[in-house]
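A.B. asks:
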Amino acid sequence: MSTAETRACRPADYRSDVKPVWCPGCGDHHILLSFTRAFAELGQPPEQIAVFSGIGCSSRIPAYTNCYGFHGVHGRSLALAAGLKVTRPDLTVVVASGDGDGYSIGGNHFLHACRRNLDLTYVVMDNRVYGMTKGQPSPTTEPDFDTALSPGGTGVSPFHPLVIALASGANFVARAFSGDLNGTTGILVDAIRHPGFSFVEILSPCVTFRPDEKEWKGKVHQAPVQATDDPGRAARRLMTDDGFNVGVLYRGSRRPYRPEFGHAGVDVGELEKEFAL
Amino acid sequence: MTDPAKGPAISGLADLFAIAYRIEIDAVERYRLLADQMEVHNNLELVDTFRDLARAEGLHAEEIRRLAGDIDVAAQSRRIGGWTSEQSPEEADLSAVHYMMTPWHALRMALAGEQRALAFFERIVASTEDARIKALAQEFVAEETEHVALVHRLLRRHPPPPATWADDPDPPVSQE
Amino acid sequence: MRETPSVSVAIVGSGGAGALTTGNLLLEAAGTAGWHGFLTRSVGPQIRGGEAAALIRLSTRPVECPADCFDLLIAVDWLNVDRFHGEIPLGPASLVIGDAADVPAGITASGARVVAMPIKDMAKALPDGRPNMIALGIAAGLLGLRREVLATLLGKRLADKGRAAIDASTAAIKAGFDAAATLELAVRLPDPEPDAASRWLISGNEATGLGAVRGGIRFAAAYPITPATEILEWLAPNLAKVGGVLMQAEDELASINMIIGASYGGTPSLTATSGPGLSLMMEALGLATAAEIPIVVVDVMRAGPSTGIPTKSEQADLNLAVYGFHGDAPHLVLAPQSVADCLFTTQWAVFLAEALQAPAIVLSDQFIGQARAAISRPADVAFIGRRLAATGLGETYRRYALGGSGVSPMAVPGTRGAQYTADGLTHNEQGLPSGSAADHGGQLDKRRDKLERFSYGDRWASLEGDGDLAVVTWGSLTGAVREALDRARADGVAARLIAPRLLSPVQPERFAAALRGVSRLLVVEQTHGGQFHRYLRAHYELPGDVRAFHRPGPLPIRPGEIHREILEWRS
Chain A
1 MSTAETRACR PADYRSDVKP VWCPGCGDHH ILLSFTRAFA ELGQPPEQIA VFSGIGCSSR
61 IPAYTNCYGF HGVHGRSLAL AAGLKVTRPD LTVVVASGDG DGYSIGGNHF LHACRRNLDL
121 TYVVMDNRVY GMTKGQPSPT TEPDFDTALS PGGTGVSPFH PLVIALASGA NFVARAFSGD
181 LNGTTGILVD AIRHPGFSFV EILSPCVTFR PDEKEWKGKV HQAPVQATDD PGRAARRLMT
241 DDGFNVGVLY RGSRRPYRPE FGHAGVDVGE LEKEFAL
Chain B
1 MTDPAKGPAI SGLADLFAIA YRIEIDAVER YRLLADQMEV HNNLELVDTF RDLARAEGLH
61 AEEIRRLAGD IDVAAQSRRI GGWTSEQSPE EADLSAVHYM MTPWHALRMA LAGEQRALAF
121 FERIVASTED ARIKALAQEF VAEETEHVAL VHRLLRRHPP PPATWADDPD PPVSQE
Chain C
1 MRETPSVSVA IVGSGGAGAL TTGNLLLEAA GTAGWHGFLT RSVGPQIRGG EAAALIRLST
61 RPVECPADCF DLLIAVDWLN VDRFHGEIPL GPASLVIGDA ADVPAGITAS GARVVAMPIK
121 DMAKALPDGR PNMIALGIAA GLLGLRREVL ATLLGKRLAD KGRAAIDAST AAIKAGFDAA
181 ATLELAVRLP DPEPDAASRW LISGNEATGL GAVRGGIRFA AAYPITPATE ILEWLAPNLA
241 KVGGVLMQAE DELASINMII GASYGGTPSL TATSGPGLSL MMEALGLATA AEIPIVVVDV
301 MRAGPSTGIP TKSEQADLNL AVYGFHGDAP HLVLAPQSVA DCLFTTQWAV FLAEALQAPA
361 IVLSDQFIGQ ARAAISRPAD VAFIGRRLAA TGLGETYRRY ALGGSGVSPM AVPGTRGAQY
421 TADGLTHNEQ GLPSGSAADH GGQLDKRRDK LERFSYGDRW ASLEGDGDLA VVTWGSLTGA
481 VREALDRARA DGVAARLIAP RLLSPVQPER FAAALRGVSR LLVVEQTHGG QFHRYLRAHY
541 ELPGDVRAFH RPGPLPIRPG EIHREILEWR S
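Chains A, B and C, in that order, give the protein sequences.
1 is the number of the first residue of the first sequence in my numbering; add one for each residue after it.
1 is the number of the first residue of the second sequence in my numbering; add one for each residue after it.
1 is the number of the first residue of the third sequence in my numbering; add one for each residue after it.
(1) If you follow the alpha helix (DSSP H) that C/V333 is in, where does it begin and where does it stop?
(2) Quick one: what does DSSP say C/L79 is sitting in, helix, strand or coil?
(3) Check the Cβ of A/C67 against every Cβ in chain C and list those closer than 9 Å, keeping chain order.
(4) Span of the beta strand (DSSP E) holding C/E464?
(5) Is any heavy atom of the ligand SAM found at a distance shorter than 7 Å from the C-beta of A/Y250?
(6) Give the straight-line distance between the Cα atoms of C/A52 and C/V471, rounded to the nearest whole angstrom.
(7) What is the DSSP secondary structure of A/G186, counted as helix, strand or coil?
(8) So, at 8 Å on beta carbons, what are the nonlocal neighbours of C/L555 in its own chain, with the 5 sequence-adjacent residues on each side left out?
(9) Relative to the C-alpha of C/A179, which candidate in C/L189, C/M122 and C/V187 has its C-alpha closest?
(10) Quick check on the DSSP output: the alpha helix (DSSP H) that includes A/V18 runs from which residue to which?
(11) What separation, rounded to the nearest whole angstrom, lies between the Cα atoms of A/E142 and A/S157?
(12) When the Cβ atoms of the segment 221-228 of chain A are set against those of the segment 242-250 of chain A, are three or more pairs found closer than 8 Å?
(13) Taking C/Q248 as part of the alpha helix (DSSP H), name the residues at either end of that continuous run.
(14) Between C/I56, C/I498 and C/F511, which lies nearest to C/L522 when the distance is taken from Cα to Cα?
(15) A/C114 touches chain B at which residues, Cβ-Cβ below 7 Å?
(16) Report the three-state DSSP secondary structure of A/H29 (helix, strand or coil).
(17) Could you check whether the segment 248-256 of chain C touches the segment 71-83 of chain A, counting it as contact only if at least three pairs of C-beta atoms, one from each stretch, sit closer than 8 Å?
(18) Where does B/F120 sit, in a helix, a strand or coil, going by DSSP?
(19) At 4 residues or longer, and completely inside the segment 341-414 of chain C: list those alpha helix (DSSP H) runs for me, N to C.
(20) May I ask you to report which of helix, strand or coil DSSP gives B/M1?
(21) Under 8 Å, do A/D28 and A/I55 count as touching if we go by C-beta distance?
(22) Do you know whose CA, among C/V300, C/G141 and C/A207, lies nearest A/E272's CA?
(23) With a threshold of 8 Å between beta carbons, is A/F172 in contact with chain C?
(24) Taking only beta carbons into account, state which residues of the segment 231-248 of chain C come closer than 8 Å to chain A, listed in chain order.
(25) Give me the DSSP bridge partner(s) of A/N117.
(26) Could you check if B/P169 is buried or exposed, using at least 16 other CB atoms within 10 Å of its CB as the buried criterion?
(27) Could you check if C/T108 is buried or exposed, using at least 16 other CB atoms within 10 Å of its CB as the buried criterion?
(28) Here's the rule: buried if 16 or more other CB atoms are within 10 angstroms of the residue's CB, otherwise exposed. What is C/L237?
(29) So, for C/V381: in the same chain, excluding its five sequence neighbours on each side, which residues have a beta-carbon less than 7 Å away from its beta-carbon?
(30) Unbroken alpha helix (DSSP H) runs of length 4 or more, entirely within the segment 115-176 of chain B: which are they?
(31) According to the neighbour-count rule (16 or more other Cβ atoms, all chains shown, within 10 Å of its Cβ), is C/P92 buried or exposed?
(32) Since A/C23 meets chain B, which of its residues come closer than 8 Å, beta carbon to beta carbon?
(33) Where B/M1 and B/G7 are concerned, what is the direct C-alpha to C-alpha distance, given to the nearest angstrom?
(34) Look at the Cβ atom of C/A172, then the Cβ atom of C/R199, and state whether they are nearer than 8 Å.
(35) With contact counted as at least three CB pairs below 8 Å, one residue from each stretch, are the segment 364-378 of chain C and the segment 507-516 of chain C in contact?
(36) Scan the segment 136-209 of chain C and note each continuous beta strand (DSSP E) run of 3 residues or more that stays entirely inside, going in chain order.
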């Protein structure tokens, strides 16, 4: 989280004037509210927060906030954000992605971001479909989900993103549900405050391509246990996870990766000395 | 169900006024967001409906402010804690909307909101031991009862839509 | 023995013989003695123990290209030396020293004088004797380097190996000197002239790194790739010294996006790669262009296509660098012309990228990137990257405001009241997505105009000489062309050199001015398909008579070949 001074702001201060283009009923509307409420609760002024995204419906979110934002190319938001965080550790950096942007094309960067453990928060709005491009399966789509590109379903098992995050070294792992505004807000506050790489998967129903996801409201449930700091215990819990447990699973104690930056020990003019004959 | 135990704490009349005010202000803001969504999706009828609802909630908020007299409800409402486990009772459910929704749908949402608020104040009446808080909560029960009746009246003017209300002949469009 | 402006020495050996180390020491000794020098190397595919050749050219004048022929070849052994046949041209005036047995047929056929010397056996006769030190002694003796210079050098280089190692090496060098005492090269270098400037021993990749840091780079993210990795190896500790940092990324896609993110935050940033990596980076380069974020990407070109020949040079990434972006995405492309010029051009690239808020691709190549040179210390230049800051934010800040030079102030995150979202989507002046014709056209104009309106000054190209014949080249071939033109002038042929350093945006007016009076144009480049020739035809008015001389890697293009082309076009 940012080291700058806090300033009292209301959630509305974190919202820009741009009207979201998401379908009415999309879970991302709720998530935007959770973002603004979380930022207000943290007290970080909008100019101290940078929101990065890739491509997809969820990735539209930076322009809907009043923070600094970067709507980058598909799958690379974690890399963009890493560059900023290393050189501007004073800023609070939040990365927003979706199940396609984050788990498919962005999969490699996901692994390494967890491993690298920079102090930033990665929020993946999972709707188990590619919404922006009209409904193809994503890495978290059920194998029997019928789509135009995979009639009858892909037949391929989906990822379990929390398992991947935990195994790759993420320092904070949680799942939220977009419809649970208060719960999601609380998890986001926790995630941003927690040092190191925080991963939050937010189930966010797609009203247009996955109307069946309306059922999610009834299927999500608070995880019956408190967060653990033991990766082994967290892994065992994940083995019986039905995909709808909501809450913080794991709060680790790895030291965040923070390379030295900004303190010059030597004048640039000294660097040529090694070449002198 | 909105449970007063999970809402902001009530330690006096000022808090109860602030909560009642807050409920209306939260509703105003939520209806405005929905009006914006409808505007972006070219459902002009619903833009009007949601803006009307926002205006109505705004008037409710003004009434509470007037009722509160010297108490600065606006400032107090910013000081009290937010809703933690539950939603602000009259905040419309963002997941229950559709780009082709009709005024009937919006009014059903508004009805549900007013009913939740009514139940909220009824539970305060039932659970509080403070006479003055009980009395004030009773006033709010009366207010919310009127609001419920109002929405019922509006609903009579807007019949339920036909089963085909969500039929859009155009397929979804790929954007990026 | 005649005096000659340059002498070329090749030292070959395999399997731990240390040929490359010998080359390095010889270059350093020569540079210390006051000569200019240029060292390249050629290797087999093995990571260690493979056959290796150190190829050195020394001169009293700056050396920026290989000679046409080698004057001396010392072979510690003959294993797999055939691999280097094309890179070590020999002739009747050349001297070859090595084992009597197994002299390759190609060497015998060259007509070179072969003197038998069993270097490995000579080494075995000494305690801890190293063959490469004997070779060093032989070479130094034949070149006329003084033993004291070598002794000082040994003391420096072997200090951490202890007295015994230094003594053993000294003895081996003496053995080499003694063995060569009865021999003579056909040529001799004049004594070095005293140099007012101080001297450096530096590689092109190191000079690139130094230029970057001097220009203001403080963040680098990169993925290793031959032949660019040495830039990263130099930057890692040296950036840290000045408060910067280099981060190894998981791949090139991460590298390019990381530097964009860091630059967005206000830190001048750079990555270095080669052709395959630059291909991967194309999408994000477009993002940097569209979002107007300054970055520098160094491409140390190698032979392609695809995996190609990673250890050999070529100039065939020109098309990729200039035309590789999807959409209309004007950007900067620059090319250094020598080892020393790697410093200037990279520093200038940082300056231009920051001033113009655009990506700059620096096309270096394996030839100058991995070459080590003894050079005069380059003059300092004042180009330090500085981007137009957003100040006086009274009214609503518009990140991509139109008008003026086309460069709009760039707010730094953390600045209150100037929040904006950078975007690859086409946007309006505020930066919000917009697909309107006016916004798309307006922003396209802005990004083109800012580059075209900028005053690049005289450094855009090297322009030398006069005459109705112009030889146009770029990058690492500039030195070879320059030398060929010197010889042509000595033959009474007046010809001029045009070598653009700024390849994009193109400079039609200045190029036209450079061509005034030219009726014949010879284009020289190291590609198979004539990429530079087609680039010139696409963007510039060329005189009627144009000839193209191009050949792909892996062999360098030598001044003699270009000289012949010029002479053949006399009438």
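The C-beta atom is built at its ideal place from N, Cα and C for all residues, glycine as well.
Every value quoted in this text rests on a predicted model; they were computed, and no experiment measured them.
C.D. replies: Reading from the atomic positions:
(1) The residue labelled residue 333 of chain C in the question sits at position 333 within the third sequence. Unbroken run through C/V333 is the beta strand (DSSP E), L332 to L334; no alpha helix (DSSP H).
(2) Start at 1 with the first residue of the third sequence, and residue 79 of chain C comes out as number 79. For C/L79, the secondary structure class from DSSP, reduced to helix, strand or coil, is coil.
(3) By 1-based counting over the first sequence, the position of residue 67 of chain A is 67. Result: P413, Q419 and T421.
(4) Position 464 of the third sequence, counting from 1, holds the residue named residue 464 of chain C. Per DSSP, C/E464 is one residue of the beta strand (DSSP E) stretching across A461 to G465.
(5) Of the ligands one can find in the structure shown there are none, so the ligand SAM has no counterpart to examine.
(6) For the purposes of this step, residue 52 of chain C is taken as residue 52 along the third sequence, with counting starting at 1. For the purposes of this step, residue 471 of chain C is taken as residue 471 along the third sequence, with counting starting at 1. Linking C/A52 to C/V471 through their CA atoms gives a straight-line distance of about 34 Å.
(7) Taking the first residue of the first sequence as position 1, residue 186 of chain A is located at position 186. Here A/G186 sits in helix by DSSP.
(8) Translated into positions along the third sequence, residue 555 of chain C becomes position 555. Shown here for C/L555: same chain residues with a beta carbon closer than 8 Å to its own, the five before and five after excluded, namely G86 and E87 in chain order.
(9) Locating residue 179 of chain C in the third sequence gives position 179, where the first residue counts as 1. Ranking C/L189, C/M122 and C/V187 by Cα distance to C/A179 puts C/M122 first.
(10) Indexing the first sequence from 1 puts residue 18 of chain A at position 18. Counting along the chain, no alpha helix (DSSP H) covers A/V18, and no H or E run does either.
(11) Locating residue 142 of chain A in the first sequence gives position 142, counting from the first residue. Locating residue 157 of chain A in the first sequence gives position 157, counting from the first residue. Just so you know, the alpha carbons of A/E142 and A/S157 end up roughly 7 Å apart.
(12) A contact exists between the segment 221-228 of chain A and the segment 242-250 of chain A.
(13) Counting from 1 along the third sequence, the entry for residue 248 of chain C is found at position 248. No alpha helix (DSSP H) contains C/Q248, which is instead part of the beta strand (DSSP E) from V245 to Q248.
(14) Residue 522 of chain C sits at position 522 when you count from the first residue of the third sequence. Cα-wise, what sits closest to C/L522 is C/I498.
(15) The residue labelled residue 114 of chain A in the question sits at position 114 within the first sequence. In chain order: nothing, as chain B lies at least about 26 Å away.
(16) Looking up residue 29 of chain A in the first sequence gives position 29. Here A/H29 sits in helix by DSSP.
(17) Verdict: yes, contact present.
(18) Walking along the second sequence from the start, residue 120 of chain B turns up at place 120. Three-state DSSP puts B/F120 in a helix.
(19) Listed in chain order, they are 366-369.
(20) Position 1 of the second sequence, counted from the first residue, corresponds to residue 1 of chain B. Unreliable positioning characterises B/M1 in this predicted model, as indicated by a pLDDT of 42, which lies under 50. A coordinate reading is not provided.
(21) By 1-based counting over the first sequence, the position of residue 28 of chain A is 28. By 1-based counting over the first sequence, the position of residue 55 of chain A is 55. In this structure, the beta-carbon distance from A/D28 to A/I55 does not fall below 8 Å.
(22) Locating residue 272 of chain A in the first sequence gives position 272, where the first residue counts as 1. It is C/A207.
(23) Residue 172 of chain A sits at position 172 when you count from the first residue of the first sequence. Not one chain C Cβ lies under 8 Å of A/F172.
(24) Near chain A, meaning a CB-to-CB distance below 8 Å, the residues of the segment 231-248 of chain C are N238, A240, K241, V242, G243, G244, V245 and M247.
(25) Counted from its first residue, the first sequence places residue 117 of chain A at position 117. DSSP lists no beta-bridge partner residue for A/N117.
(26) As a position in the second sequence, residue 169 of chain B is number 169, starting the count at 1. So B/P169 ends up on the exposed side.
(27) For the purposes of this step, residue 108 of chain C is taken as residue 108 along the third sequence, with counting starting at 1. Label assigned to C/T108: exposed.
(28) Here residue 237 of chain C refers to the residue found at position 237 of the third sequence. Note that residue 237 of chain C is Pro in the sequence shown, not Leu. It counts as exposed.
(29) Taking the first residue of the third sequence as position 1, residue 381 of chain C is located at position 381. Close CB contacts of C/V381 within its chain, under the 7 Å cut and outside five residues either way in sequence, are with F344 and Q347 (chain order).
(30) Here the runs fully enclosed are 131-157.
(31) Translated into the one-based positions of the third sequence, residue 92 of chain C becomes position 92. By the Cβ-count criterion, C/P92 is exposed, with fewer than 16 other Cβ atoms from all chains shown falling within 10 Å of its own Cβ.
(32) Working through the first sequence from its first residue, we reach residue 23 of chain A at position 23. Going along chain B in sequence order, the residues near A/C23 (Cβ under 8 Å) are H41 and Y99.
(33) Mapped onto the second sequence, residue 1 of chain B falls at position 1. Mapped onto the second sequence, residue 7 of chain B falls at position 7. Bear in mind that the predicted position of B/M1 carries a pLDDT of just 42, short of 50, making it unreliable; the figure below should be weighed with that in mind. C-alpha separation (whole angstroms): 11 Å.
(34) If you number the third sequence from 1, residue 172 of chain C lands on position 172. If you number the third sequence from 1, residue 199 of chain C lands on position 199. In this structure, C/R199 does not lie closer than 8 Å to C/A172 by Cβ.
(35) Result no; under three Cβ-Cβ pairs closer than 8 Å.
(36) Counting whole runs of 3 or more residues, the segment 136-209 of chain C contains the beta strand (DSSP E) stretches 199-203.
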